[in-house]
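Undergrad:
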Amino acid sequence: MLEYAWLIPVFPFVAFILIAILPKRTLSWEDGAGYAIGGAAAALILSVLVIWEVMSGSTMVGDGPKFEWLVIGDISITFGIWIDQLTAVMLVVVSVVGTLVVIYSGAYMHGEGENRRRYYAEIMLFISVMYGLVISDNFLQMFIFWELVGLCSYLLIGFWYETPSAASAAKRAFIVTRVGDIMLMAGIIILFKYVGSLDFVTLFDQDTAAAVPTDMMVLATVLIFGGAIGKSAQFPLHEWLPDAMEGPTTVSALIHAATMVKAGVYLTARSYPLLIQAPESLLFVAVIGGVTALLAASVALVATDIKRVLAYSTISQLGYMTLALGAGGYLVLYADTGGGYSAAILHLMNHAFFKALLFLCAGSVIHAVGTNNMRLMGGLGKKMRITSITMLVGSLAIAGIPPFSGFWSKDEVLAAVYHAGEFDGIFFLLWFMGIATVFMTAFYMFRMWFMTFAGEPRSDYHAHESPKLMTFPLMILAALAAVSGFALFISDGFKYFIEGSIGGLLHEVHHESATDILGVIFGDPLTYVSLVLAAGGILLAYKMYCVPGFDRSVFARGISGRLQVALENRWYISKFYDDFALRVVYSISLVADAFDRYVIDGIVNGFAYLGGRSGNVIRMAQTGNVQRYAGLIVIGLCLLLIFMLYIVPWGGW
Amino acid sequence: MTVLSMLEPFLPQLLLVVFALMMPALDYIFKDKRILAAVALAPLVGYAVMLVAWTLAGVWEPPESEMSLIEVDLFSGLFALAFVSVGIIVVLGSPESIRQERNHGEYYALILLAVIGMTVVALSTDLILLFVGLEVAGIASFALSGFSKREKRSAEAATKYFIVGGFSSALTLFAISLFYGVSGTTAIADMGPAMEAMFSSFDGMDSVGTLATVMILAGLGFKVAIVPFHMWAPDVYEGSPTPISALLAAASKNMGFAALFKIFLLGLLVTKADWDVAVAVVAIITMTVGNLIAVSQTNIKRMLAYSSVAQAGYILMVLPIGTEYALAGGLFHVLTHAFMKSGAFMVVSAMGVRGVGESLNDFKGLRTRSPLLALAMTLLLLSLAGIPPLAGFASKFVLFSSAVYGSLDPGPSWLIWLAVAGVLNSALSLYYYARVIKYMYMEKGPEDRISVPRLTGVAILFAVVMTVVLGVYFDAVVELCQQAAGGLFNP
Chain A
4 MLEYAWLIPV FPFVAFILIA ILPKRTLSWE DGAGYAIGGA AAALILSVLV
54 IWEVMSGSTM VGDGPKFEWL VIGDISITFG IWIDQLTAVM LVVVSVVGTL
104 VVIYSGAYMH GEGENRRRYY AEIMLFISVM YGLVISDNFL QMFIFWELVG
154 LCSYLLIGFW YETPSAASAA KRAFIVTRVG DIMLMAGIII LFKYVGSLDF
204 VTLFDQDTAA AVPTDMMVLA TVLIFGGAIG KSAQFPLHEW LPDAMEGPTT
254 VSALIHAATM VKAGVYLTAR SYPLLIQAPE SLLFVAVIGG VTALLAASVA
304 LVATDIKRVL AYSTISQLGY MTLALGAGGY LVLYADTGGG YSAAILHLMN
354 HAFFKALLFL CAGSVIHAVG TNNMRLMGGL GKKMRITSIT MLVGSLAIAG
404 IPPFSGFWSK DEVLAAVYHA GEFDGIFFLL WFMGIATVFM TAFYMFRMWF
454 MTFAGEPRSD YHAHESPKLM TFPLMILAAL AAVSGFALFI SDGFKYFIEG
504 SIGGLLHEVH HESATDILGV IFGDPLTYVS LVLAAGGILL AYKMYCVPGF
554 DRSVFARGIS GRLQVALENR WYISKFYDDF ALRVVYSISL VADAFDRYVI
604 DGIVNGFAYL GGRSGNVIRM AQTGNVQRYA GLIVIGLCLL LIFMLYIVPW
654 GGW
Chain B
-10 MTVLSMLEPF LPQLLLVVFA LMMPALDYIF KDKRILAAVA LAPLVGYAVM
40 LVAWTLAGVW EPPESEMSLI EVDLFSGLFA LAFVSVGIIV VLGSPESIRQ
90 ERNHGEYYAL ILLAVIGMTV VALSTDLILL FVGLEVAGIA SFALSGFSKR
140 EKRSAEAATK YFIVGGFSSA LTLFAISLFY GVSGTTAIAD MGPAMEAMFS
190 SFDGMDSVGT LATVMILAGL GFKVAIVPFH MWAPDVYEGS PTPISALLAA
240 ASKNMGFAAL FKIFLLGLLV TKADWDVAVA VVAIITMTVG NLIAVSQTNI
290 KRMLAYSSVA QAGYILMVLP IGTEYALAGG LFHVLTHAFM KSGAFMVVSA
340 MGVRGVGESL NDFKGLRTRS PLLALAMTLL LLSLAGIPPL AGFASKFVLF
390 SSAVYGSLDP GPSWLIWLAV AGVLNSALSL YYYARVIKYM YMEKGPEDRI
440 SVPRLTGVAI LFAVVMTVVL GVYFDAVVEL CQQAAGGLFN P
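In order, the protein sequences belong to chains A and B.
My numbering puts the first residue of the first sequence at 4, with every later residue one more than the last.
My numbering puts the first residue of the second sequence at -10, with every later residue one more than the last.
#1: Going along the chain, which residues of its own chain have a beta-carbon closer than 6 angstroms to the beta-carbon of Gly293 (chain A), five neighbours each way excluded?
#2: Leaving out the 5 sequence neighbours to the left and right, which residues in its chain are closer than 6 angstroms to Met220 (chain A) when beta-carbon positions are compared?
#3: For the candidate residues A:Val104, A:Met324, A:Trp574, A:Phe146, whose alpha-carbon lies nearest to that of Met666 (chain A)?
#4: Spell out whether any CB of chain B is found under 9 angstroms from the CB atom of Trp72 (chain A).
#5: In chain order, what residues of the same chain have a beta carbon less than 8 angstroms from the beta carbon of Phe124 (chain B), not counting five sequence neighbours either side?
#6: What are the residues of the segment 129 to 159 of chain B that lie near chain A, defined by any Cβ-Cβ distance shorter than 9 angstroms?
#7: Return yes when the Cβ of Ala39 (chain A) is within less than 9 angstroms of the Cβ of Met127 (chain A), no when it is not.
#8: Would Leu70 (chain B) be called buried (16 or more neighbouring beta carbons within 10 Å of its own) or exposed?
#9: Are the beta-carbon atoms of Ala260 (chain A) and Thr317 (chain A) separated by less than 9 angstroms?
#10: Give me whichever residues DSSP pairs with Glu227 (chain B) in a beta bridge.
#11: Rounded to the nearest angstrom, what separates Gly67 (chain A) and Phe253 (chain B) at their Cα positions?
#12: Along the chain, where does the alpha helix (DSSP H) that runs through Thr445 (chain B) open and close?
#13: Taking 9 angstroms as the CB-CB cut-off, is Met4 (chain A) touching chain B?
#14: Quick check on the DSSP output: the beta strand (DSSP E) that includes Gly83 (chain A) runs from which residue to which?
#15: What is the DSSP secondary structure of Val48 (chain B), reduced to helix, strand or coil?
#16: Throw me the rounded Cβ distance for the Lys310 (chain A) and Thr252 (chain A) pair, which I believe falls under 8 angstroms.
#17: Rounded to a whole number of angstroms, what is the C-alpha to C-alpha distance between Lys138 (chain B) and Thr148 (chain B)?
#18: Along the chain, which unbroken stretches of the alpha helix (DSSP H) at least 4 residues long are found entirely within the segment 42 to 108 of chain B?
#19: Can you give me the Cβ contacts of Ser108 (chain A) inside the same chain, cut-off strictly under 6 angstroms, excluding the 5 residues immediately before and after it?
#20: Using 8 angstroms as the cut-off, can you tell me whether the segment 462 to 477 of chain A makes contact with the segment 342 to 356 of chain A, which would need three or more C-beta pairs spanning the two stretches below that distance?
#21: Please check the pair Tyr303 (chain B) and His322 (chain B), which I expect to be a contact at CB under 8 angstroms, by giving their CB distance rounded to whole angstroms.
#22: Using Cβ-Cβ distances below 9 angstroms, what residues of the segment 357 to 385 of chain B are close to chain A?
#23: Taking the runs of the alpha helix (DSSP H) that are 4 residues or longer, which of them lie wholly in the segment 100 to 181 of chain B?
#24: Alpha carbon to alpha carbon, what distance is there between Lys196 (chain A) and Ala247 (chain B)?
#25: Rounded C-beta distance between Ile86 (chain A) and Thr62 (chain A)? I'm assuming under 8 angstroms.
#26: Any C-beta of chain B within less than 9 angstroms: which residues of the segment 153 to 184 of chain A qualify?
#27: Please list, in chain order, the chain B residues whose beta carbon lies closer than 7 angstroms to that of Met647 (chain A).
#28: For Ala35 (chain A), decide whether its Cβ has a neighbour in chain B, counting only Cβ atoms nearer than 9 angstroms.
#29: Short of 6 angstroms in beta carbon distance, which residues of its chain neighbour Ser98 (chain A), apart from the five on each side in sequence? Order them along the chain.
#30: Once DSSP output is grouped into helix, strand and coil, what is the label at Asn350 (chain B)?
#31: In terms of alpha-carbon separation, which member of B:Val461, B:Ala239, B:Val441 lies closest to Pro26 (chain A)?
#32: Starting from the C-beta of Ala283 (chain B), find all residues in its chain whose C-beta is less than 6 angstroms away, skip the five residues before and the five after it, and write them out in chain order.
#33: Would you decide whether Gly346 (chain B) is buried or exposed? Buried here means 16 or more other CB atoms lie within 10 Å of its CB.
#34: I believe Thr199 (chain B) touches Asp263 (chain B) by the beta-carbon criterion, under 8 angstroms. Please report the beta-carbon distance rounded to the nearest angstrom.
#35: Just to confirm, are Gly322 (chain A) and Phe357 (chain A) a CB contact at a threshold of 9 angstroms?
#36: From the beta carbon of Gly135 (chain A), is the nearest beta carbon of chain B less than 9 angstroms away?
Dropping the structure here:
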């Protein structure tokens, strides 16, 4: 089965082609939604078959079918597939969320008319290239797909390109992630210089990797992680993600919550065999993750746009995953356990389900109310029962309340970070940041839930529950968000399963039974600390937004007031970029523009003018007069003869 | 050696002759002229299947030829495959394109005869037989270019083509007789050593050799349309029925290259130092002039004609580089050019069938009028411009990189300039190819839809699929071409 895994991206791609080129009347239902669902579902079935096979123990790492495309000297550029436990998890995440989002779109995008064809074509292209990204077996192939998902993200953020804010958000996302992409490319080039290959199977061999000079390995891995910073919206390149909410909510759910933004985390996890060689890089990864988690959660505390709350929450949760990967590297190095790594991947999967759920719920709310502003909502719980309950499940999951999925993975993440503190004290600080984030997460999620569904309507609307086509995916995702954390206990356990993909780095794989795991989790006092904080966050949100008569203005005074202003301005990071771009980059670009306009363009235009003129001059010879043609043949012949007999020998060639 | 065993390697050609002779008679029998096309298609497809089974699949080997005049090798096989494929595309696209005309039987007979001539050129190892092949193909194509008798343009094209063509044939024949004079043989493979012996024993003979070389370059340069022997091409391509333009641009041109490769790389390799600089200069001038004039064309057929001139310049690089790898690149580009150029002409033909003109403005808004035609044209033009992963990129890549490799020791270092010129020219050519795409996708045109004529559509599909496939299976095709090239250099 695994050798057919290349078919997974092919199905959505075929759907993309069909939707793009078929005449309108053959697209029938919803301008191509049928083809889209078909393509996504076919890929889903194959993905499930793949993970089934991987769970039964077979992988394809470096021994899969290869397609040699280009050979330049000793370098060959090949396309191949790489399927291990990590790939399988990513495939399932992308296919489940992808299929459900496409189904949901069938109703959500109904009002878009002619543009739906473009929407479905772009969504299917995205799903296809996202699969391509996760099954790549070398950095170059991965980079190509990496760029393609970026392109699709750009196209879909700018779906309503007539709106200036959407157009500029699309541009911003594209440019900011491009900063990361360039770093990634530089990292790849460094690796290539020292190893001479970009195939994972070669690079991940620990002897090969050890041959790279240490400082260069640190540089390469930090640069590769730079790609992840851009794509997974980590500090300081995180500001594009909230702006990306200008796209349709389905796009936010699929690309900017569940799949593409995970590509950075995936890249970091994939590069583990390299990162292990450079502990300094691991520390860098962990610090970036911790800072991002705390920073983004704090901004989410005051956001009033429902999608922006979720966007900042996504950034914060991605920070958790990055933090866990950084800490996990230390655990692999010094404690010989894959605990942090498995926690990150488990959180990646859980987060994909509950955050996609939350976004789709938000979409359902926006669909009903017609605004993103939570200040204008309220009291929707009674009218939108399914949406409110499924969103409650999602909120409980992200807040980390047992037995919902988020609890298990978040607990594993924090435990791994705390454990890593034994080897470097800075992890204790990062753990404190993580635990503070737990409180904030619970607070802002329930602030959002209460503002939306509880109380009385704060503006005039006639909301009603969304159609079945939308609530059906919500219910599926809610079920997944509730139970996906139990993956920890399925058969040999998630940890044992996922450690298979970094098996070469561990000396022995620890086998833990379900009772062992439960014993560790509930025997640890720290678990209760985070539980209490989460409950406290929910309680505070309840007090502030549900109990009538609570005076929220107390926070608007003194230090907390100033803090609030800072948060509302997103810690001024966005402003800093704007100023920086305006002052520094703009001045540089003015100079560059002048150079381009007068020097480069001058040369090019000169050539074009010359080309056009000479084209016209040469064309004059083309009179249509056949005697002239014959004459020119004779002249050409004579010139050639003179050239060969006299000029060539004389020139000394 | 019996007559029959002598003729055995010629069986496909004989089959084509039989069908060609049948065609005028069939014209009287069948009212529906599409049947004629179907009959003409039969031997072509048969030959193509045979060639594919031999060259690509390797399930069959042709019989060894007992005649010294021909050589059935991979080199000739690949060329024949290009000719027959173009023949198939042209025949498929013809019934709809020439349905207004009379005498369809003659038309298909002439196409089959032209293909016979071309394949004979690819097979022959003797100058005399080679000339016979050139003439068979040439005369058939003179008649074909004037086939739309009621159109002035077509008659004018035929006249010009005939006069210039006759002149060039005379040059070719004169060159052949001079070669015979300085070498005493007409067998291409024996020419080189014989000429060397002659030059060393008689003073001044090498000038005669040079004269013959220039004349053969001029005579065959007419077929492949290199500057300054290209002037007829735009007029003739524009005036001929569009499928015939495809035949001339994609097959007749390649026949010229088959002859050039054989004569220069098999026969004249010993005197390479005398002619390589001159041919390189001609190649650079050809690609530059072709691209420069193409930029200012507003008629698509003329634009494609000048683009053909430029492509001839690229392929001509093979002669001065003169390595096995270069010849493999040349063969590869011959194959890809056969498909992308004939495909592009067939798109123009399809639009002509639907009453749309052939000027650049007529391509405005083609995206909404016929998305499939627009997509096909886009792929073909991008391939012509050399955009990966299409075939045009792959073959140009091999060609240009062979110039780079050739410029390394022990080759002359100036060969690098061929690669530089090629790359710069490719950039220049992108301008006019992309302009058509811009017209199709960005500009607003008439609202009415164009339906794709069915048979022409099949022909276009074939060309497009091959253009993509040859690019994707880059490696395998290059290997095959290298094998064929090796066969020519070390028989």
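Don't be surprised by glycine CBs; every beta carbon is placed ideally from N, CA and C.
TA: Result, derived from the coordinates:
#1: Closer than 6 angstroms at the Cβ level, and outside the excluded window around Gly293 (chain A), lie Leu326, Leu433, Met436.
#2: Residues of the same chain with a CB within less than 6 angstroms of the CB of Met220 (chain A), apart from the 5 flanking positions on each side, are Gln280, Ala281 in chain order.
#3: Residue coverage of chain A in this structure runs from 4 to 656, which leaves residue 666 (chain A) outside it and unanswerable.
#4: Trp72 (chain A) counts as touching chain B.
#5: Looking at the sequence provided, one finds Glu at residue 124 (chain B) rather than Phe. Leaving aside the five residues that flank Glu124 (chain B) on each side, the residues in its chain whose CB is nearer than 8 angstroms to its CB run, in chain order, Gly106, Ser158.
#6: Within the segment 129 to 159 of chain B, the residues whose Cβ lies closer than 9 angstroms to some Cβ of chain A are Glu145, Thr148, Lys149, Ile152, Val153, Phe156, Ser157, listed in chain order.
#7: For Met127 (chain A) and Ala39 (chain A), yes; Cβs fall inside 9 angstroms.
#8: Result: buried.
#9: Their beta carbons are under 9 angstroms apart, which means Ala260 (chain A) touches Thr317 (chain A) by this criterion.
#10: Secondary-structure assignment with DSSP links Glu227 (chain B) through no beta bridge to anything.
#11: A straight-line Cα-Cα distance of about 46 angstroms links Gly67 (chain A) and Phe253 (chain B).
#12: Note, Thr445 (chain B): alpha helix (DSSP H), 443 to 461.
#13: No - not a single Cβ of chain B is within 9 angstroms of the one on Met4 (chain A).
#14: Bounds of the beta strand (DSSP E) holding Gly83 (chain A) are 78 to 83.
#15: It is coil, neither helix nor strand.
#16: For a cut-off of 8 angstroms, the C-beta gap from Lys310 (chain A) to Thr252 (chain A) is around 7 angstroms, short enough to register as a contact.
#17: Our two residues, Lys138 (chain B) and Thr148 (chain B), have alpha carbons roughly 12 angstroms apart in a direct line.
#18: Within the segment 42 to 108 of chain B, complete alpha helix (DSSP H) segments of at least 4 residues are found at 63 to 86, given in chain order.
#19: Thr253.
#20: No, the segment 462 to 477 of chain A does not touch the segment 342 to 356 of chain A.
#21: About 6 angstroms separates the two Cβ atoms, so the contact holds.
#22: The segment 357 to 385 of chain B vs chain A, Cβ under 9 angstroms: Pro360, Leu361, Leu364, Pro377, Pro378, Ala383.
#23: As far as the segment 100 to 181 of chain B is concerned, its whole alpha helix (DSSP H) runs of at least 4 residues are 116 to 134, 141 to 172.
#24: Computed Cα separation, rounded: 43 angstroms.
#25: The distance from the Cβ of Ile86 (chain A) to that of Thr62 (chain A) is about 6 angstroms, consistent with a contact at the 8 angstroms cut-off.
#26: Hits within the stretch: zero.
#27: The answer, in chain order, is Thr199, Val203, Asp263, Trp264, Ala267.
#28: At residue 35 (chain A) the sequence reads Gly, which differs from the Ala that was named. It does not: the Cβ of Gly35 (chain A) has no partner Cβ on chain B nearer than 9 angstroms.
#29: Ala46, Leu47, Ser50, listed in sequence order.
#30: Three-state result, Asn350 (chain B): helix.
#31: The shortest C-alpha separation from Pro26 (chain A) is found at B:Val441.
#32: Excluding its 5 nearest sequence neighbours in each direction, Ala283 (chain B) has C-beta neighbours in its own chain below 6 angstroms: Met292, Tyr295, Ser296, Tyr421, listed in chain order.
#33: Burial is judged here by how many other beta carbons sit within 10 angstroms of a residue's own beta carbon; Gly346 (chain B) has fewer than 16 and is exposed.
#34: Right, their Cβ atoms sit about 6 angstroms apart.
#35: The Cβ atoms of Gly322 (chain A) and Phe357 (chain A) lie no closer than 9 angstroms to each other.
#36: Gly135 (chain A) does not count as touching chain B.
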